[in-house]
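J.: Below you'll find the structure I mean.
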Amino acid sequence: MLVWQSALPNRQWLGGGRFYAVRTMQTTSSTTVQPIEVTFPDISRWRAGNAGIRYVHTFDSGEAGPHVMLNALTHGNEVCGAIALDALLGVQIRPRRGRLTVSFANVDAYERFDPTSPSASRFVDQDFNRVWSATVLDDAGRTSAELRRARELRPVVAQADLLLDLHSMHEGSQPPMLSGPLDKGIALARAIGAPAHVIVDEGHPEGVRMRDFGGFGDPASRRNALLIECGQHWTQASVGVALDSVARFLAHSGVLDAADLPADWLLPPPPAQQVIHVTDAIVARSTDFRFAAAHTASTSAACGARGR
Ligand SMILES: [Zn+2]
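Everything in the sequence shown is counted per the numbering used here, starting at 4 for the first residue and increasing by one.
Right, dumping it as structure tokens:
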């Protein structure tokens, strides 16, 4: 059973080989106030980009290798990925092989961040991570700030062989990697080696995520993508997880050697990874939900108000 949780005081739990969480019916409100430990970086220096798309930087080594894309700010208030990619661009990393693209997605939402209402800048008009199907993207009758941005990013997302989408969660918990339902996603998460928990989840019922777009969601395609929830939105620990996952993803892909990145980006690897298959989803009818039995909170896969 998987139940996404956002504002609820109850933590998700892991027991009996099944992963449980809570999905609420809420949109952007939150009943839990979380401290903001990190400074939101001024990423305006990356606005121009170098690929004809604002906030998109791409570097081609000229050598054979995959096109690796790292993305932050799919949700505008999930800053840890932005801090990590701001740092990556800041050290002027260039790929040894293949091509590296670094993108900041929903910058319009990010720029609206208000520490007195930190959950409100998750998106402007709609969730950016629910529009990633050709049907929606090609529908000229639909428009929103997020659709406009998705349409800007679509050409480069469609070219990426490997995508890491950096997210964070409202509630603090251990960081899960969301592999998607396909064996190739699970295999990639295992190859990355961290974090400890790999959640094998189906697509989101409200719309297709960027991680599942096109070939990423096609078992016959070699294209592959992962989504990591680095931890609570605004903790320093989540920044550490984001840097670690970026370093691991780049080194595994082969576009860089591990030694090319700052040594302190890597965290100690977990002793073992646990792959957890989501078996059921339950929507909580209110924030007053309670588990019927005692369970041990262990991990979480929620991100923002409705998750991922
Ligand atoms: Zn998110």
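Even for Gly, the Cβ is constructed at its ideal location relative to N, Cα and C.
Quick caveat: nothing in here was measured; it's all calculated off a predicted structure.
Name the two residues that bound the continuous alpha helix (DSSP H) containing Pro69.
T.: First-last for Pro69: undefined, no H or E at that position.
J.: Could you give the DSSP three-state label for Ser124: helix, strand or coil?
T.: For Ser124, the three-state secondary structure derived from DSSP is helix.
J.: Could you tell me which of Asp221, Arg214, Pro222, Gln177 sits nearest to His200, measuring between CA atoms?
T.: Gln177
J.: Below 7 Å CB to CB, which residues in the same chain sit around Ala112 once its five sequence neighbours on both sides are set aside?
T.: Gly79, Ser124, Arg125, Phe126, Val127
J.: Could you have a look at Arg100 and say whether DSSP puts it in helix, strand or coil?
T.: coil
J.: Pick from Lys187, Leu181, Asn74, Val82: whose alpha carbon is nearest that of Val41?
T.: Val82
J.: Measuring only between beta-carbons, confirm whether Gly144 sits less than 8 Å from chain B.
T.: Structure shown: chain B not included; a single protein chain is present.
J.: Does the region 163 to 174 come close enough to the region 225 to 232 to have 3 or more Cβ pairs within less than 8 Å?
T.: yes
J.: What does the alpha-carbon distance come out to for the pair Gln29 and Gln276?
T.: Legend: pLDDT at Gln29 = 34, less than 50; position of this residue unreliable, value from coordinates given subsequently. Approximately 32 Å, taken between the alpha carbons.
J.: For Thr146, count the other beta carbons within 10 Å of its own beta carbon; 16 or more makes it buried, fewer makes it exposed. Which is it?
T.: exposed
J.: Find the nearest neighbour of Val258 within the set His60, Glu66, Pro198, judged by alpha-carbon distance.
T.: Glu66
J.: Which two residues bound the contiguous beta strand (DSSP E) that contains Gln239?
T.: Unbroken run through Gln239 is the alpha helix (DSSP H), 239 to 256; no beta strand (DSSP E).
J.: Could you tell me the boundaries of the alpha helix (DSSP H) in which Ile189 lies?
T.: For Ile189, the enclosing alpha helix (DSSP H) covers residues 186 to 195.
J.: Could you compute how far the alpha carbon of Leu264 sits from the alpha carbon of Gly144?
T.: Cα-Cα distance, rounded: 44 Å.
J.: At the level of alpha carbons, what is the spacing between Gln324 and Gly218?
T.: Residue 324 cannot be examined here, being either before or after the span of the chain that is shown, 4 to 311.
J.: Would you kindly work out how many angstroms separate the C-alpha atoms of Phe294 and Arg99, rounded to a whole number?
T.: 50 Å
J.: Indicate the three-state DSSP secondary structure (helix, strand or coil) for Val94 in the structure shown.
T.: coil
J.: Cα-Cα, which of Val160, Arg115, Phe62, Pro121 is closest to Ala97?
T.: Looking at the sequence itself, residue 97 is Arg, so the reference to Ala does not match. Nearest C-alpha to Arg97: Phe62.
J.: Suppose the cutoff is 6 Å on Cβ atoms and the five residues either side in sequence are ignored; what does the same chain contact list for Leu165 look like?
T.: Pro69, Val71, Asn227, Ser256
J.: Please report the straight-line C-alpha distance between Gly52 and Pro44, rounded to a whole angstrom.
T.: 17 Å
J.: Between Val159, Ala108, Arg115, which has its C-alpha nearest Glu149's C-alpha?
T.: Ala108
J.: Given Thr77, which residues of its chain have a CB within under 7 Å of its CB, disregarding the five upstream and five downstream residues?
T.: Ala108, Asn109, Phe131, Asn132, Asp168, His170, Met213
J.: Given 7 Å as the limit, tell me if Thr77 has its C-beta closer than that to any heavy atom belonging to ligand 1.
T.: yes
J.: Over the uninterrupted alpha helix (DSSP H) stretch that includes Asp111, give me the two end residues.
T.: 110 to 113
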